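Q: Residue 43 in this note's numbering sits at position 42 of the sequence shown; the count goes up by one each step and never skips.
From the three backbone atoms N, C-alpha and C, an ideal C-beta is built for every residue, glycine too.
As the structure is a computational prediction, the values presented were derived from the model and not from experiment.
Here you go, one structure.
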Amino acid sequence: MNTVAAPRTLPWDRSAATISPSQIFALVRGHIGTMLFWAVLLAAAGYALAKVQLPYYTAFGSIALEGQSFAIPELQGAVRNENMPDPMPLVRTEQQALLSPQLIRSVIKTLSLDKVPEFNPTLRPPTIVDRVKSVFHAITEAIISPKSGPELLDSVQQMVEGEVMRALVVTQDNRSLVIGVGFTSHDPELASRFVNTLIADYVAERTKRRLAANQGANAAMMQRIDDVRSDVNRLEQQIRDLRTKGNIVNLRAGSVGQQQLEDLTTAASKASVERTQIEAQWQQASALARQGASAELGTVLNSPTVASLRQQETQASQKLADLSSRYGSGYPAVRSAQANLAAVRGQLQQEIQRIVSSLEAQLSVARAHEADTQRQLATAQQKGVQGENAEAQLTDLQQEVTARRALYDSLLKGAQQTISEATSKDMSLEVRILSNAVPPVFPAGPNTKLAAGMGAGGGMFVGLLFAFLRARNADVFATPDDVTVATGLSVAAVVPRRRGKMSLVSRVRLKPDGEEAEALRLLRARLRMGSQTSSPRSVLFASVDDDRGAADFAAAFAYVASSDGARVIVVEGDLQNPQIAPLLGVAKAEMLPVLEGDGDWRENLLSDRSAKLDLLLTRERAPASHALLSGPRFQNLMIDLDGSYNLVVLNAPSAESADALTLAFRTDATVLVVDIATAKQTAIREAASRLASTVRSPPVAAIIVRT
2 MNTVAAPRTL
12 PWDRSAATIS
22 PSQIFALVRG
32 HIGTMLFWAV
42 LLAAAGYALA
52 KVQLPYYTAF
62 GSIALEGQSF
72 AIPELQGAVR
82 NENMPDPMPL
92 VRTEQQALLS
102 PQLIRSVIKT
112 LSLDKVPEFN
122 PTLRPPTIVD
132 RVKSVFHAIT
142 EAIISPKSGP
152 ELLDSVQQMV
162 EGEVMRALVV
172 TQDNRSLVIG
182 VGFTSHDPEL
192 ASRFVNTLIA
202 DYVAERTKRR
212 LAANQGANAA
222 MMQRIDDVRS
232 DVNRLEQQIR
242 DLRTKGNIVN
252 LRAGSVGQQQ
262 LEDLTTAASK
272 ASVERTQIEA
282 QWQQASALAR
292 QGASAELGTV
302 LNSPTVASLR
312 QQETQASQKL
322 ADLSSRYGSG
332 YPAVRSAQAN
342 LAAVRGQLQQ
352 EIQRIVSSLE
362 AQLSVARAHE
372 ADTQRQLATA
382 QQKGVQGENA
392 EAQLTDLQQE
402 VTARRALYDS
412 LLKGAQQTIS
422 EATSKDMSLE
432 VRILSNAVPP
442 VFPAGPNTKL
452 AAGMGAGGGM
462 FVGLLFAFLR
472 ARNADVFATP
482 DDVTVATGLS
492 VAAVVPRRRG
502 KMSLVSRVRL
512 KPDGEEAEAL
522 RLLRARLRMG
532 SQTSSPRSVL
542 FASVDDDRGA
552 ADFAAAFAYV
562 ASSDGARVIV
572 VEGDLQNPQI
582 APLLGVAKAE
592 MLPVLEGDGD
602 WRENLLSDRS
612 AKLDLLLTRE
622 RAPASHALLS
632 GPRFQNLMID
642 LDGSYNLVVL
652 NAPSAESADA
662 LTLAFRTDAT
672 VLVVDIATAK
682 QTAIREAASR
692 LASTVRSPPV
702 AAIIVRT
């Protein structure tokens, strides 16, 4: 058994969630008048509503954030916000600060907005809705508990704040450090004053915070200065104590201890040298004195007295020798010379002994002096080590004092700057006002053109929505493609339904080359191409519902085929409700006797000579139609007609009837006529399914659409 393609779920179905663009386009095209009506109606309503409303004005101002920093140069790198990788969190924080309730309340109080009816709903004339609400609130309060005075006052303040917040907008583009402030009011002067007051209060609040921060920084700085000053005083006292304890006196060439140590070192060295020299001279003199070597002793002692006595000894010795050689030993002059020599030698020996004793005394003195010098040097060296340690400690203390004094000077300078900054009038250097708000000249709304445009757009949407709901409630298809998608039927022809009472067959006879005739020719061509064997010799037209659409299509199709040269006969297939004879204006037609066996079909044949079309019709209803159509006489009739004509065209009652299925089984091709504007989706699916299970070839659909 031949079947049609498996149907798919159609988005237009009631169970579907969406619809296709083609269906929307078909809806718009089919209901453009309704959509335009709603568009004009809502556009006029929007325009009128916007026109009667009071105009409102929006004033704008802007500020720029430049980053906060302390006025202490040494701490700039540590506390500047420029070191932040992303300044946008600060900007967003300040944006929220502009919307803080405390700041809004301050502006409301400054401008007395709670006395302006625009922002205080309790001062406005009550509307019907307000009256209903007041009655409801009164009943509620009477049942529960009435509000006290402070609660009512807080409620009014909250309402005013809510109205102000709805009129206020603070914007930021997330690309710069600029913050925009806008306010909307029916009074342009009030709108600009609100923006300027809000910005001024915001700047004043930031000034107060900066002043407090600088004062806190200054207090901390002064405490730090006091601590550093105490450290400097403590270190200086330690230096003084160390100098006193270590007896450290600095001279131009160094300290006293260092200079004394150098002098004692020189003196000790000199005393040692002197002692060595004296000791060597004494030892040599003592040895020569013991040996009696007066000649060498004189040279060693280097004494003029010894030298003189040594010379006198020499002279006395020479004189004695001369006298002895001349006069002999007994001569008085010789004895006198001997006595003189002995006296000189005695003097020389005494002088030598004196000098040796003197050298020994000098040696004792030199040794004592050397020992004393060494003791003084040792003492000085010990004190020098202690002095060096004290001086090193003193140097460290002096360096620490120098560093503390430098820090003290720096902190003192920074404190002076913070003091001057704290007393300055302009403490908001991190916020710069780019533009103050000015009273706007032109109102920001209501925009009558926008209201009309939105009304028109809304009207189009409402019209489309009504069309959509109507189509879904009507349970009809929007386009011929939807029929194919839902049923699997191939749409072989689309014929427009013209307004008026003229039937399709009448229009085809009136215009053989018209749009409807061409659509029927296309249907015949597709039937020939879609046949599995040869061109179909018999075609059945069945409708979804009990209307005359199938009869009208069958007659028109037959007229077009006969006008194209085919030998065609039209056979009435709806014996329960004959429609072709009334449609063509045939007054008398005798088809039932042929089916009942009382006559030959040729004798009851009618002809339309103008169209060269034969007709086998009836105007009488047959109660036993199913028996006649399923009997052998009708089968033999179809065999005779197939042999005598090129094309046999039949109409059938509703596809839901048994007669339609019987006729579909007897014919070569079946066409389901669908009026897309009236036929229900469920009925079309059921008809397509019933025909597909019966016919020889897959049925096709002929769609009637409205134009």
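1. May I have the straight-line CA-CA distance separating VAL442 from PRO189, to the nearest angstrom?
2. Within 10 angstroms of its Cβ, does ILE279 collect 16 or more other Cβ (buried), or is it exposed?
3. Per DSSP, what kind of secondary structure is TYR57 in: helix, strand or coil?
4. Please report the straight-line C-alpha distance between TYR58 and PRO122, rounded to a whole angstrom.
5. Whose CA, out of ALA623, LEU465, VAL165, ARG230, lies closest to the CA of LEU412?
6. Out of curiosity, what's the CA-to-CA distance linking ALA684 and THR488?
7. Looking at the strands, I want to know which residues DSSP matches up with ALA656.
8. Name the residue from SER358, ALA334, ALA372, LEU310 whose alpha carbon lies nearest to the alpha carbon of GLY347.
9. Per DSSP, GLY460 forms a beta bridge with which residues?
10. Can you confirm whether the region 600 to 617 touches the region 553 to 568 when touching is taken to mean that 3 or more C-beta pairs between the two stretches lie within less than 8 Å?
11. Using a 10 Å radius around the Cβ and a threshold of 16 neighbouring Cβ atoms, would you call VAL274 buried or exposed?
12. Quick one: which unbroken alpha helix (DSSP H) runs of 4-plus residues sit fully inside the region 584 to 653? Chain order, please.
13. Could you check the C-alpha separation between LEU42 and MET455 for me, to the nearest Å?
14. When you compare only the Cα positions, how much space is there between ALA338 and GLN312?
15. Closer than 7 Å by C-beta to ALA661: which residues in its own chain qualify, once you throw out the five before and the five after it? Chain order, please.
16. Whole angstroms are fine: how far does the CA of THR619 sit from the CA of LYS681?
17. Grouping DSSP H, G and I as helix and E and B as strand, with all else coil, what is GLN158?
18. Given a cut-off of 7 Å, decide if LEU178 and ALA51 are closer than it, judged by their beta-carbon atoms.
19. Evaluate ASP264 with the Cβ neighbour count: other Cβ atoms within 10 Å of its Cβ, from every protein chain shown; 16 or more gives buried, anything less gives exposed.
20. Relative to the C-alpha of ALA523, which candidate in VAL492, ALA288, ALA689 has its C-alpha closest?
21. Between the C-alpha atoms of ALA468 and PHE38, what's the straight-line distance to the nearest angstrom?
22. Measuring only the C-alpha atoms, how far is LYS116 from GLY163?
23. For VAL442, which three-state DSSP category applies?
24. Based on Cα-Cα distance, which residue from TYR646, PHE478, PRO305 lies nearest to THR679?
25. Identify whether LEU66 lies in helix, strand or coil by the three-state DSSP scheme.
26. What residue range does the beta strand (DSSP E) around LEU435 cover?
27. By the DSSP assignment, the alpha helix (DSSP H) with GLY550 in it spans what residues?
28. Enumerate in chain order the residues of its own chain whose CB-to-CB distance from VAL674 is below 6 Å, with the five nearest sequence positions on each side excluded.
29. Contact between the region 621 to 629 and the region 588 to 606 is defined here as three or more beta-carbon pairs at a separation below 8 Å; is this criterion met?
A: Judging by the given coordinates:
1. One C-alpha to the other measures close to 8 Å.
2. In the assembly as shown, ILE279 is a buried residue. Its beta-carbon has 16 or more other beta-carbons within 10 Å.
3. Residue state, collapsed to three classes: strand.
4. So the two alpha carbons sit approximately 19 Å from each other.
5. Residue ARG230 is the option with its Cα nearest to LEU412.
6. Whole-angstrom Cα-Cα distance: 11 Å.
7. In the DSSP assignment, ALA656 is bridged to no other residue.
8. Checked all of SER358, ALA334, ALA372, LEU310; the closest Cα to GLY347 is LEU310.
9. In the DSSP output, where bridge partners are listed per residue, GLY460 has none listed.
10. Contact between the region 553 to 568 and the region 600 to 617 is present, because at least three Cβ pairs lie under 8 Å.
11. With fewer than 16 other Cβ atoms within 10 Å, it is exposed.
12. The DSSP assignment places complete alpha helix (DSSP H) segments of no fewer than 4 residues inside the region 584 to 653 at 593 to 597, 626 to 631, 633 to 645, in order along the chain.
13. The straight-line gap from Cα to Cα measures roughly 12 Å.
14. Between ALA338 and GLN312, the C-alpha separation is close to 15 Å.
15. Cβ-Cβ distances below 7 Å link ALA661 to ALA543, ALA653, PRO654, SER655 in the same chain, with the five nearest sequence neighbours on each side left out; the list follows chain order.
16. Distance between the alpha carbons of LYS681 and THR619 is about 30 Å.
17. Three-state result, GLN158: helix.
18. Against a cut-off of 7 Å, the Cβ pair of LEU178 and ALA51 comes out as no contact.
19. Counting other Cβ atoms within 10 Å of its Cβ, ASP264 stays below 16 and is therefore classed as exposed.
20. Per the sequence shown, the amino acid found at residue 523 is Leu instead of Ala. Looking from the CA of LEU523, the closest CA among VAL492, ALA288, ALA689 belongs to VAL492.
21. Rounded to whole angstroms, ALA468 to PHE38 spans 12 Å at the Cα level.
22. Those two C-alpha atoms are separated by around 15 Å.
23. In this structure, VAL442 counts as coil in the three-state DSSP scheme.
24. Of the candidates TYR646, PHE478, PRO305, the one whose C-alpha sits nearest the C-alpha of THR679 is PHE478.
25. Three-state DSSP puts LEU66 in a strand.
26. Where LEU435 is concerned, the enclosing beta strand (DSSP E) starts and stops at 432 to 436.
27. Residues 550 to 564.
28. Spatial neighbours of VAL674 in its own chain (CB-CB distance under 6 Å, excluding positions within 5 residues in sequence) are listed in chain order as PHE542, SER544, GLY550, ALA551, PHE554, ALA703.
29. For the pair of segments examined, the region 621 to 629 was found to touch the region 588 to 606: the number of CB pairs separated by less than 8 Å reaches three.
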